[in-house]
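Participant:
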Amino acid sequence: MRIHFSLKAKLVLFSVSILLIPWVGYKYVRGMESFLKTSLEESLRVKAQAIANVLEQSPDILLTQAPVLDVKQNTEHLYLRTLHNNIQLDGYTEDWDLDQDLFQNFDQHHLIKPDKATPTHTNYPDNFSFQQATGRFGRYLYAIFKVHDKHIIYSNPTQTLLSHADHLRIALVTPSGEFQRYIMQTEAPGKLAAWIMQEKPEQNIPLRSENRIQGFWQESAKGYTLEIRIPISMIGNKLAFTIANTDSADPEVPYTIIGASSTRDVNKLATIMIPSSDLDHLLQKLNHESSRVWIIDSQRRVLALAGNLSNATYDNDENRSLPAILLSAVYRLILQQPVTRFEDILSGASKLNGREITSALKGTATASWRATTHKNATILTAAWPIRINNQVIGAVMLEQNSNRILLLQNKAMEELFNISIPVFLGGTLLVILFASRLTTRITSLRNQAENAISKDGRFTAVFPASNSQDEIGDLSRCFADLLSRLQQYNQYLETMASKLSHELRTPLTVVRSSLENMQQLNPQTTENTYLTRAQDGVERLNNILTRLSEASRLEQAIQQMEKEAFNLSELLTTCIEGYRGVYPDNSFELHLPESDCMFIGAPDLIVQMLDKLISNAIDFTETQHPITILLTCNQEQISLSVQNQGPHLPDEMHENLFNSMVSVRHAKTSAAHLGLGLFIVRLVADYHGGQVNAYNTHKPDGVKFTIHLHQ
Amino acid sequence: MAKIIGIVEDEPAIRDNYTDALRRYGYDVQSYPNRQQAQQAFRKQLPDLVLLDIGLEDEVDGGFELCRELRNLSAVLPIIFLTARDSDFDTVAGLRLGADDYLTKDVSLPHLIARISALFRRLDAVNVSKESTQEDTIIQGDLELDMNRFSCQWKNQKIDLTLTEFWIIHTLAKYPGHVKNREQLMKDANIVVDDSTITSHIKRLRKKFEALDKDFDRVDTVYGIGYRWKA
Chain A
2 MRIHFSLKAK LVLFSVSILL IPWVGYKYVR GMESFLKTSL EESLRVKAQA
52 IANVLEQSPD ILLTQAPVLD VKQNTEHLYL RTLHNNIQLD GYTEDWDLDQ
102 DLFQNFDQHH LIKPDKATPT HTNYPDNFSF QQATGRFGRY LYAIFKVHDK
152 HIIYSNPTQT LLSHADHLRI ALVTPSGEFQ RYIMQTEAPG KLAAWIMQEK
202 PEQNIPLRSE NRIQGFWQES AKGYTLEIRI PISMIGNKLA FTIANTDSAD
252 PEVPYTIIGA SSTRDVNKLA TIMIPSSDLD HLLQKLNHES SRVWIIDSQR
302 RVLALAGNLS NATYDNDENR SLPAILLSAV YRLILQQPVT RFEDILSGAS
352 KLNGREITSA LKGTATASWR ATTHKNATIL TAAWPIRINN QVIGAVMLEQ
402 NSNRILLLQN KAMEELFNIS IPVFLGGTLL VILFASRLTT RITSLRNQAE
452 NAISKDGRFT AVFPASNSQD EIGDLSRCFA DLLSRLQQYN QYLETMASKL
502 SHELRTPLTV VRSSLENMQQ LNPQTTENTY LTRAQDGVER LNNILTRLSE
552 ASRLEQAIQQ MEKEAFNLSE LLTTCIEGYR GVYPDNSFEL HLPESDCMFI
602 GAPDLIVQML DKLISNAIDF TETQHPITIL LTCNQEQISL SVQNQGPHLP
652 DEMHENLFNS MVSVRHAKTS AAHLGLGLFI VRLVADYHGG QVNAYNTHKP
702 DGVKFTIHLH Q
Chain B
2 MAKIIGIVED EPAIRDNYTD ALRRYGYDVQ SYPNRQQAQQ AFRKQLPDLV
52 LLDIGLEDEV DGGFELCREL RNLSAVLPII FLTARDSDFD TVAGLRLGAD
102 DYLTKDVSLP HLIARISALF RRLDAVNVSK ESTQEDTIIQ GDLELDMNRF
152 SCQWKNQKID LTLTEFWIIH TLAKYPGHVK NREQLMKDAN IVVDDSTITS
202 HIKRLRKKFE ALDKDFDRVD TVYGIGYRWK A
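Next up, the structure:
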């Protein structure tokens, strides 16, 4: 089935095409991404260069900073980050406001070779691992170890010396260059202090307790947490932590030791970088708020770090109107929003291994993109070498997340939507208004045109021509013109019969009087058959003319007719009696209501109408079938039906049947039929304010004429 | 001396035909094609009877004008309208103007001549003293019809009827109680008009009687068939 669209629907459909504008804009803004990325890379590289230049200008800050710079071995490195709040030594991690990704994981991959060649440990304890985080606050270094250990072995309180128990090993080089080793173990959860170990690393013999190194041992669900504090003043440029684990108090069972580097060999200790305030302050000043800057030495070790990638850069919703807040809420649903928190593997790193670092240390500045751990954000990295005396001694690495691009895009998108959606809505509204107006006008024109001619083909009302100057107004005037011409023509047709009869009557009289003169002049021509035939013909012509003007005479008579109350039942009874006499070959069945039916009207006209209906029924019925006359009568309405059995009316003639000069007779009959009989029926019905209808009836086939009259 | 009949008719063929026919019956005929000529001639000398057409050349209602003028000239001159216009409106207008009869051109020549001679007879009867025999009078209750003078009396008061109306009353009253259908009435009145014209004749008749006698109800309508005289 074909779908028919109204004019309005079509126009609205077309107006939807305005939506293409924001769509194209959206595509364009999306396309801007690569351009924005390139420009961001460029700006980041320039910034990195600027920082490198500043550092090159004041090499002192860099060179005095790190005595470890000369260490060339491929050792571990620990960059000590500054903590933002004081740490309570209580074994709980809540006061470590660092991100989870600051914790470094140590497990069986970080296994340290056992002390002695004696019994090789064959079994690695189940799930033994720990997470370590370090930081500096004030004059102390803080470290926390979250150890997973199924069997915690505490030291034996009865032994004065160190027991065979789970413990933490610390090794450091003091500022004065001494190599010191410490062990921290406890008899029960709670506060503990460190033991200084003998200088000889082969022997785990404690010298005395070292109270400056404090700690707190707390059992956790999976093992224990050890939180410690070491004064910065004790630490030189090297530091290492390992966790030694045993699942048995038996001294013969060897320890399983994991950690970043062994605490045995002074040369294998991890270097430590304690950031100086000078470099930090410099970087804080140089660094942009939403980026992170790293300074690394030629060994890729972190010398300084400033800034944070995870800065949220939202507009504040306060001081904005409610619609703006709602709108931005909608935009947040539609548009991809910057991620405020994400995990980055570099957050806790102390050494950097990226490609851009490698090439920067080779003297080439580069920029690259990498994803965060959970791929929910992208980070742009730019590195620039630091040259002193034409030698690359380190590099500046700047990082920025892609949020800025996203924010820019979103801003552009929001503005695009803010402009194009009102334009679209306004445009659509205009189109709808216009379409409605147009549709209304066309519909009213259609209704006017439909009402101008009634169902039975008569002109009902004057067609009101529109004054509008456009095409629809033109169409309306065209209709009005057309209808008035049609009306004139129709009037001409309706009056033609009486005009014709009047005009023909004079020549007919000439013929007639001439014939009569001729007859009187020669009485013997009376037998002349030709004369007789001519007179017969004249007589017939005369009859035809009389019938022709009958309708128009009736129309005139109706104007002078006076209404009176009479009994319709009685009238019908006498009339049918009369018809029985006039048409002896036909039979009539009259059905009357039980009580008398009084009606106010012109009885003569009703009789005349009945005459026409009966004569029509007689013409179409066969003599053996009765003609049925049915009268029903109630308070409001009277209906009078005349029904005969016979051929059906052609379908297309139902409405026209009652018009002037319309006849559906096929067979030629003796009497002249001009199609005026039913026209007279209609005139009479109209005069009484009633309607007349013709129906085909079935079983038995026939035709039924019904006149509905109102009381 | 032969009676003079004036014919005013713009159609020459009809005019001549009527002239010939009337002359054959021994009347002296003067014919005029339009109102002006007729008026001039009538001012000089009035004929004994005038046959008028309504539409005369370019004057649509010329006949009516002429009728009004003739009535001014003479109150007793018999005037018959003989016209193609058969509408009720024209019939009423013509008779109101004082015409004695209104015939349409369907009327046959012999009938026309019968009408004319009847009118003359009535005219003569007014002049001649009443010497008619009883058989020429139909008395039906209060109704008295004089067939010689074509005059009608109701309760001894004279009612002025046109010839058509007289024939209708005559037909009905001759056999009281018998229903006469419109065709019979037409045949007796010797006019060829349609049913509705008969209806209007009957109406006018009733009104004329009712003018004399408010309770007149003798002309009874039998719906669908015709009329009868209630005894």
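Chains as they are written, first to last, in our numbering: chain A, 2 to 712; chain B, 2 to 232. All C-beta atoms, glycine included, are put in the ideal place defined by N, C-alpha and C.
1) Name the residue from A/Gly602, A/Gly579 and A/Ile630 whose alpha carbon lies nearest to the alpha carbon of A/Asn568.
2) Beta carbons nearer than 7 Å to chain A: which residues of the stretch 97–113 of chain B have them?
3) Compare the C-beta of A/Asn543 with all C-beta atoms of chain B and state if any pair is closer than 8 Å.
4) Does the beta-carbon distance from A/Ala695 to A/Leu631 come in below 8 Å?
5) For A/Pro693, report the span of its beta strand (DSSP E) as first-last.
6) Do the CB positions of A/Glu77 and A/Ala250 come within less than 8 Å of each other?
7) For A/Ser403, collect the residues of the same chain with a Cβ closer than 6 Å to its Cβ; drop the 5 residues on either side in sequence, then sort them by chain order.
8) The alpha helix (DSSP H) with A/Ser550 in it runs from where to where?
9) Could you give the residue range of the alpha helix (DSSP H) that holds A/Met414?
10) According to DSSP, is A/Thr382 part of a helix, a strand, or is it coil?
11) Would you call the CB atoms of B/Leu67 and B/Arg36 closer than 8 Å?
12) Might you give, ordered along the chain, the residues of its own chain that have their beta carbon closer than 7 Å to the beta carbon of A/Gly26, omitting 5 neighbours on each side?
13) Of the residues A/Pro386, A/Gln338, A/Ser514 and A/His699, which one's Cα is nearest the Cα of A/Ser360?
14) May I have the straight-line CA-CA distance separating A/Pro465 from A/Phe659, to the nearest angstrom?
15) Using the Cβ count rule (16 or more neighbours within 10 Å means buried), how would you classify B/Ala3?
16) Hey, is B/Ile226's beta-carbon within less than 8 Å of any beta-carbon in chain D?
17) What do you get for B/Asp107, buried or exposed, if any count of 16 or more other CB atoms within 10 angstroms of its CB means buried?
18) Is it right to say A/Phe435 is buried, meaning 16 or more other beta carbons lie within 10 angstroms of its own, or is it exposed?
19) Determine, for B/Ala232, whether the minimum Cβ-Cβ distance to residues of chain A falls below 8 Å.
20) Excluding the 5 residues preceding and the 5 following A/Leu353 in the sequence, name in chain order all residues of the same chain whose CB lies nearer than 8 Å to its CB.
21) Compare the beta carbon distance of A/Leu8 and A/Thr440 with 8 Å and say whether it is the shorter of the two.
22) With a cut-off of 8 Å on the beta carbons, I'd call A/Gln133 and A/Ile259 a contact; round off their distance for me.
23) Using three-state DSSP, classify B/Asp101 as helix, strand or coil.
24) Along the stretch 508–523 of chain A, what residues have a CB closer than 7 Å to any CB found in chain B?
25) So A/Pro604 contacts chain B; which residues on that side make the cut at Cβ distance below 8 Å?
26) Leaving out five residues before and five after A/Ser156 in sequence, what residues of the same chain have Cβ atoms less than 6 Å from its Cβ?
27) Just to confirm my understanding: we take A/Asp318, look at its own chain, exclude 5 residues before and 5 after, and list those with CB closer than 6 Å. What are they?
28) Tell me whether the beta-carbon of B/Ile80 lies closer than 8 Å to the beta-carbon of B/Val51.
29) Nearest-angstrom Cα distance between B/Ala94 and B/Ile170?
30) Pull up the DSSP beta-bridge partners for A/Ala241, would you.
31) Kindly list, in the order they appear in chain A, the residues whose Cβ is closer than 8 Å to that of B/Ile15.
32) Flag this pair as touching only if the stretch 279–290 of chain A and the stretch 142–156 of chain A have three or more C-beta atom pairs under 8 Å; answer yes or no.
33) So is B/Thr92 in contact with chain A if we call contact Cβ pairs under 8 Å?
34) With 16 as the cutoff for other CB atoms within 10 Å, does A/Gly308 come out buried or exposed?
35) Could you name the residues of the same chain whose beta carbon sits closer than 6 Å to that of B/Arg123, not counting the 5 residues immediately before and after it, in chain order?
36) Should A/Ile197 and A/Pro207 be called a contact, given that it needs their Cβ atoms to be closer than 8 Å?
Facilitator: Quick answer:
1) Start at 1 with the first residue of the first sequence, and residue 568 of chain A comes out as number 567. For the residues A/Gly602, A/Gly579 and A/Ile630, the minimum Cα distance to A/Asn568 belongs to A/Gly602.
2) Flagged, chain order: Lys106, Asp107, Ser109 and Leu110.
3) Here residue 543 of chain A corresponds to residue number 542 of the first sequence, with the count starting at 1. For A/Asn543, the answer is yes, since a Cβ of chain B falls inside 8 Å of its Cβ.
4) In the first sequence, the residue the question calls residue 695 of chain A occupies position 694. In the first sequence, the residue the question calls residue 631 of chain A occupies position 630. Contact annotation: A/Ala695 and A/Leu631 have beta-carbon atoms that are not nearer than 8 Å.
5) Mapped onto the first sequence, residue 693 of chain A falls at position 692. With the sequence shown as reference, residue 693 of chain A is identified as Val, and Pro is not the correct amino acid for it. Note, A/Val693: beta strand (DSSP E), Gln692 to Thr698.
6) Taking the first sequence and counting its residues from 1, one reaches residue 77 of chain A at position 76. Taking the first sequence and counting its residues from 1, one reaches residue 250 of chain A at position 249. It is not a contact, given that the beta carbons lie outside the stated cut-off.
7) Against the first sequence, residue 403 of chain A aligns to sequence position 402. Around A/Ser403: Thr379.
8) Here residue 550 of chain A refers to the residue found at position 549 of the first sequence. Where A/Ser550 is concerned, the enclosing alpha helix (DSSP H) stretches over Thr530 to Gln561.
9) Residue numbering aside, residue 414 of chain A sits at position 413 when the first sequence is read from its first letter. That run of the alpha helix (DSSP H) goes Asn404 to Ala453.
10) Residue numbering aside, residue 382 of chain A sits at position 381 when the first sequence is read from its first letter. Correct three-state label for A/Thr382: strand.
11) The residue given as residue 67 of chain B occupies position 66 in the second sequence. The residue given as residue 36 of chain B occupies position 35 in the second sequence. Yes, they are a contact pair.
12) In the first sequence, counting from the first residue as 1, residue 26 of chain A sits at position 25. Listed in chain order, the non-local C-beta contacts of A/Gly26 below 7 Å within the same chain comprise Leu417 and Ser421, local neighbours out to five positions each way being set aside.
13) Within the first sequence, residue 360 of chain A is the residue found at index 359, counting from 1. Closest in C-alpha terms to A/Ser360, from the list A/Pro386, A/Gln338, A/Ser514 and A/His699, comes A/Pro386.
14) On the first sequence, position 464 is the one that residue 465 of chain A refers to. On the first sequence, position 658 is the one that residue 659 of chain A refers to. About 27 Å.
15) As a first step, residue 3 of chain B must be located in the second sequence, where it is residue number 2. Burial call: exposed.
16) In the structure shown, chain D does not exist; the protein chains are A and B.
17) As a first step, residue 107 of chain B must be located in the second sequence, where it is residue number 106. With a threshold of 16 other beta carbon atoms within 10 Å, B/Asp107 meets it and is buried.
18) Residue numbering aside, residue 435 of chain A sits at position 434 when the first sequence is read from its first letter. Classification of A/Phe435: exposed, given that the 10 Å Cβ count is below 16.
19) Taking the first residue of the second sequence as position 1, residue 232 of chain B is located at position 231. Chain A contact via Cβ: absent.
20) Position 352 of the first sequence, counting from 1, holds the residue named residue 353 of chain A. Excluding five sequence positions before and after A/Leu353, the CB atoms of its chain that fall closer than 8 Å to its own CB belong to Trp295, Ile297, Arg301, Val303, Leu347 and Met398, given in chain order.
21) Stepping through the first sequence from its first residue, residue 8 of chain A is reached at position 7. Stepping through the first sequence from its first residue, residue 440 of chain A is reached at position 439. Contact: yes.
22) In the first sequence, the residue the question calls residue 133 of chain A occupies position 132. In the first sequence, the residue the question calls residue 259 of chain A occupies position 258. A/Gln133 to A/Ile259, Cβ: 10 Å. No contact.
23) By one-based count along the second sequence, residue 101 of chain B stands at place 100. In this structure, B/Asp101 counts as coil in the three-state DSSP scheme.
24) Within the stretch 508–523 of chain A, the qualifying residues are Thr510, Val511, Ser514, Ser515, Glu517, Asn518 and Gln521.
25) Taking the first residue of the first sequence as position 1, residue 604 of chain A is located at position 603. The answer, in chain order, is Thr222 and Tyr224.
26) By one-based count along the first sequence, residue 156 of chain A stands at place 155. Counting only Cβ-Cβ distances below 6 Å, and skipping sequence neighbours, we find Ser164, Ala166, Gln186 and Glu188.
27) The residue you call residue 318 of chain A lines up with position 317 of the first sequence. For A/Asp318, the predicted structure reports a pLDDT of 48, less than 50, and the residue's modelled location is therefore unreliable. A value from the coordinates is still provided. Only Ile326 meet the Cβ criterion.
28) Working through the second sequence from its first residue, we reach residue 80 of chain B at position 79. Working through the second sequence from its first residue, we reach residue 51 of chain B at position 50. Yes, the pair counts as a contact, with Cβ atoms nearer than the cut-off.
29) In the second sequence, residue 94 of chain B corresponds to position 93, counting from 1. In the second sequence, residue 170 of chain B corresponds to position 169, counting from 1. B/Ala94 and B/Ile170: Cα-Cα distance of roughly 21 Å.
30) For this step, residue 241 of chain A is matched to residue 240 along the first sequence. Answer is A/Ala172, bridged to A/Ala241.
31) Counting from one through the second sequence, the residue named residue 15 of chain B turns up at place 14. Per Cβ cutoff of 8 Å: Thr507, Thr510, Val511 and Ser514.
32) No: the two stretches stay apart, fewer than three of their Cβ pairs being nearer than 8 Å.
33) One-based indexing of the second sequence puts residue 92 of chain B at position 91. Output row for B/Thr92: interface = no.
34) Looking up residue 308 of chain A in the first sequence gives position 307. Around the Cβ of A/Gly308, a 10 Å sphere holds 16 or more other Cβ atoms; the residue is buried.
35) Locating residue 123 of chain B in the second sequence gives position 122, counting from the first residue. Contacts found: Arg150 and Phe151.
36) On the first sequence, position 196 is the one that residue 197 of chain A refers to. On the first sequence, position 206 is the one that residue 207 of chain A refers to. Closer than 8 Å, so yes.
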